[in-house]
Amino acid sequence: MKSLRLKWCVLWMLIIGLYSCKTKQYFQAVRVETQELPIEITAAMDSTSMMVSDSAVLEDNWVAMPMKAGEFQNLLRDKIDHAIALRHGFTGLLLKDLEADTMIFNLNEHKYFVSASNTKIFTLFACLKSIKDSLAAFKYVETDTTFTLWGTGDPTLLHPAFEGMTTTDFLKNKMTGKVVRLANSNILPPYGKGWMWDDYNDSYQAEITAMPIYGNVLSVKQQKNKLSIVPSSPLLNLNIQSEVPYVRRDRDENHFYLPANLSGNAYFNQEVPYKHAASINTQLLGEIMGVPIDTVQLPLPIVHQTRYSWPVDTVLRRMMQKSDNMLAEHLLINAAMQSIETIQVGTYIQWVKDTYFQDMPQRIYWVDGSGLSRYNRVSPSSIVYILTRMYKEEKKERLFSFFNETKVKSDDGTNRPEKSPPIILGKSGSMAGVYNLSGYLVTKSGRTLVFSFMNNNFDTTVRNARLAVADILNFVVENY
Numbered sequence: 212m213k214s215l216r217l218k219w220c221v222l223w224m225l226i227i228g229l230y231s232c233k234t235k236q237y238f239q240a241v242r243v244e245t246q247e248l249p250i251e252i253t254a255a256m257d258s259t260s261m262m263v264s265d266s267a268v269l270e271d272n273w274v275a276m277p278m279k280a281g282e283f284q285n286l287l288r289d290k291i292d293h294a295i296a297l298r299h300g301f302t303g304l305l306l307k308d309l310e311a312d313t314m315i316f317n318l319n320e321h322k323y324f325v326s327a328s329n330t331k332i333f334t335l336f337a338c339l340k341s342i343k344d345s346l347a348a349f350k351y352v353e354t355d356t357t358f359t360l361w362g363t364g365d366p367t368l369l370h371p372a373f374e375g376m377t378t379t380d381f382l383k384n385k386m387t388g389k390v391v392r393l394a395n396s397n398i399l400p401p402y403g404k405g406w407m408w409d410d411y412n413d414s415y416q417a418e419i420t421a422m423p424i425y426g427n428v429l430s431v432k433q434q435k436n437k438l439s440i441v442p443s444s445p446l447l448n449l450n451i452q453s454e455v456p457y458v459r460r461d462r463d464e465n466h467f468y469l470p471a472n473l474s475g476n477a478y479f480n481q482e483v484p485y486k487h488a489a490s491i492n493t494q495l496l497g498e499i500m501g502v503p504i505d506t507v508q509l510p511l512p513i514v515h516q517t518r519y520s521w522p523v524d525t526v527l528r529r530m531m532q533k534s535d536n537m538l539a540e541h542l543l544i545n546a547a548m549q550s551i552e553t554i555q556v557g558t559y560i561q562w563v564k565d566t567y568f569q570d571m572p573q574r575i576y577w578v579d580g581s582g583l584s585r586y587n588r589v590s591p592s593s594i595v596y597i598l599t600r601m602y603k604e605e606k607k608e609r610l611f612s613f614f615n616e617t618k619v620k621s622d623d624g625t626n627r628p629e630k631s632p633p634i635i636l637g638k639s640g641s642m643a644g645v646y647n648l649s650g651y652l653v654t655k656s657g658r659t660l661v662f663s664f665m666n667n668n669f670d671t672t673v674r675n676a677r678l679a680v681a682d683i684l685n686f687v688v689e690n691y
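Using my numbering, the letters of the sequence shown correspond one by one to residues 212 to 691.
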């Protein structure tokens, strides 16, 4: 009997097993006892989780928007998808109709991109808010015996693009017969965060100083058999070498090597940043003024005077259209000195974000004025936010004058007449694997659009990416 019962039990178990394999399985939650951690350990874990989840604490205000459906949007997306130069990279595009205040196309507009020189759009916005009419050449306090000045980062002093100013005459008059002190020299790092160390010989990476002179570069020009080297000073050691094809500088010293066949070139023009620019500039300024200049560390007193130099629009226009990194970095310092009286760019950037960017749709990672650093990361939506604000807050003629105009081809491939719609006004930003273009479009139909077209990590040349972007934007202005 027991044997029979055992056989029946085995049979039933087999039947139940086969049935369970063909049915949905359910799992029963099992209660697990946990031990409560000590209070100090729990607090430490909470603190760590807050640091890790910083992006969750500072939530973006960005809200996903469905792409507007329609023939234009579908054709535009198709052109982007079939752009060979962009196919292996990452692309974001946001188009907004400023008159209707509506988004007309959005692709990855909330994703982050290395902004390169599109960062200068944020610098432009900050300067327009902080610098009223003219740059502050320097701030100063004088007595009968002393003349103390604080550098404001004004990049125009003895800059070849800004000749004819009376700043040097003013300084000579004030410094004669007095003890002269520069009160905030050598307190800025020469490079921005994340700048490339091996770009030290390139003109676009001049050092950052409180009191720049000559654009902080050695300029070597050969034109019509006339050689010009500025500044000409024993502080900058020049040597001739037959094996160098262009001007080179030692990485850590001001030893410059000029090509031996320089005099045989009909035209030669190169700018090379000099090292230790803050201390070199102090000595150069003393040589020009004919007086020794002492360097001290003194806070700017509440009661002081300010000397002004160039109209801000003139310098901003060159900064944007030439994409001049040296101007961008020092304009940001100038804006900081005129608004909150600091030359610490990080402090000023945070002040700008706290003051003006409270309703920005996303956080931005903004670390310098020029965009040289790959630490700068923003989204197309953030750039469109800035461009839209400037369009609403500035006169259109003034705003548009800061941007370069891109030639628009007509349907037959010829250039359209200048200053007639359609028009592409943009600020580019490029480095290896990066090409961005952001600005304003005036379409063939007369509509004004704001756009940000960002491309990162493509595997072709910047030129090919630029041509692809131009072709796509040409389609927009012709067809919207």
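Built from N, CA and C at the ideal position, the CB exists for glycine as well.
Hey, residue i and residue j are a contact pair by Cβ (cut 8 Å); roughly how many whole angstroms apart?
i	j	result
F333	W577	6 Å
M422	N472	Contact doesn't hold; Cβ gap of about 36 Å is too wide.
A337	A546	5 Å
V502	T367	22 Å between Cβ atoms; not a contact.
F686	L287	7 Å
R588	Y411	Their Cβ separation, rounded to whole angstroms, is 24 Å, which puts R588 and Y411 out of contact at 8 Å.
A348	T378	5 Å
I544	G364	3 Å
A676	A372	Not really, about 29 Å apart at Cβ, beyond 8 Å.
V661	K307	5 Å
Grab the span of the beta strand (DSSP E) containing residue i for me, first residue to last.
i	result
A348	345-353
N635	A quick correction: the sequence has Ile, not Asn, at residue 635. Unbroken beta strand (DSSP E) run through I635: 634-642.
N587	Taken as a continuous stretch (DSSP letters only), N587 belongs to no beta strand (DSSP E), as it is neither H nor E.
N647	645-653
L360	357-362
F611	Run containing F611: none in the beta strand (DSSP E); it sits in the alpha helix (DSSP H), 607-611.
T420	Looking at the DSSP string, T420 is not in any beta strand (DSSP E), and its letter there is neither H nor E.
K404	Element bounds for K404: n/a, residue is neither H nor E.
L393	390-393
L305	301-308
L449	448-452
Less than 8 Å between the beta carbons of residue i and residue j, yes or no?
i	j	result
F664	L678	no
I440	V431	yes
R518	S612	no
Y709	G405	Given that the chain is displayed from residue 212 to residue 691, the structure contains no residue 709 and the question cannot be resolved.
Q573	S550	no
G644	N668	yes
E540	S584	no
L447	Y485	yes
K331	S534	yes
L309	Y602	yes
Q452	Y468	yes
A681	Q508	no
L542	M531	no
N690	F316	no
N536	S326	no
I424	G403	no
E616	I635	yes
P512	V352	yes
Helix, strand or coil: how does DSSP classify residue i here?
i	result
K618	coil
K435	coil
D732	Any property of residue 732 remains undetermined from this structure, which presents the chain solely from 212 to 691.
S443	coil
G281	coil
Q573	coil
T672	coil
M314	strand
G582	coil
S592	helix
Y237	At Y237 the pLDDT is 28, less than 50, meaning the model places this residue with poor confidence; the figure from the coordinates comes in the next sentence. Note: Y237 maps to coil in three-state DSSP.
N476	coil
D257	Reliability of the predicted coordinates at D257 is poor, the pLDDT of 38 falling under 50, and the value obtained from them is presented with this limitation in mind. In the structure shown, D257 sits in a helix (DSSP, three-state: H, G or I).
S550	helix
N319	coil
L429	strand
M376	coil
L678	helix
I291	helix
N397	coil
V325	strand
Looking at the secondary structure, which residues open and close the alpha helix (DSSP H) in which residue i lies?
i	result
R658	Unbroken run through R658: none, as it is neither H nor E.
Q508	No alpha helix (DSSP H) contains Q508, which DSSP labels as neither H nor E.
G557	556-567
L469	Segment 466-470 is the beta strand (DSSP E) holding L469; no alpha helix (DSSP H) there.
I332	330-341
Which full runs of the alpha helix (DSSP H) of 4+ residues lie inside the segment 483-548, going along the chain?
Runs found: 488-500, 523-532.
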